[in-house]
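A.B. asks:
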Amino acid sequence: MKNILIIEDEKQLLEISKLYLEKEGYKNCRYSYKKTKRENNSFSEKFKNGMEGRV
11 MKNILIIEDE KQLLEISKLY LEKEGYKNCR YSYKKTKREN NSFSEKFKNG
61 MEGRV
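This is the structure:
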């Protein structure tokens with residue numbers, strides 16, 4: 011059985027990334043999510059498109 015993780019927004023993704031890095035031995039990680047001018051789509055649409063192999 012595979013574990014399925016549903017990521018709902020940028021903040022949740024960043025928190026998961028931080029937890030993973032800390033688990034791998036990187037302590038006191040700082041992270042940020044900066045939107046660029048090209049990022050007019052919602053985060054979920056971009057993430058879904060990326061998961062399907064489209065940019």
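Here the working numbering is used: the sequence shown runs in plain steps of one and ends on residue 65. Just so it is clear, CB atoms sit at the ideal spot from N, CA and C, and this is done for glycine as well.
#1: In three-state terms, what does DSSP make of residue 33?
#2: So for residue 18, helix, strand or coil by DSSP?
#3: Out of curiosity, what's the CA-to-CA distance linking residue 19 and residue 29?
C.D. replies: Considering the structure as presented:
#1: helix
#2: coil
#3: Going from the Cα of residue 19 to the Cα of residue 29 covers about 16 Å.
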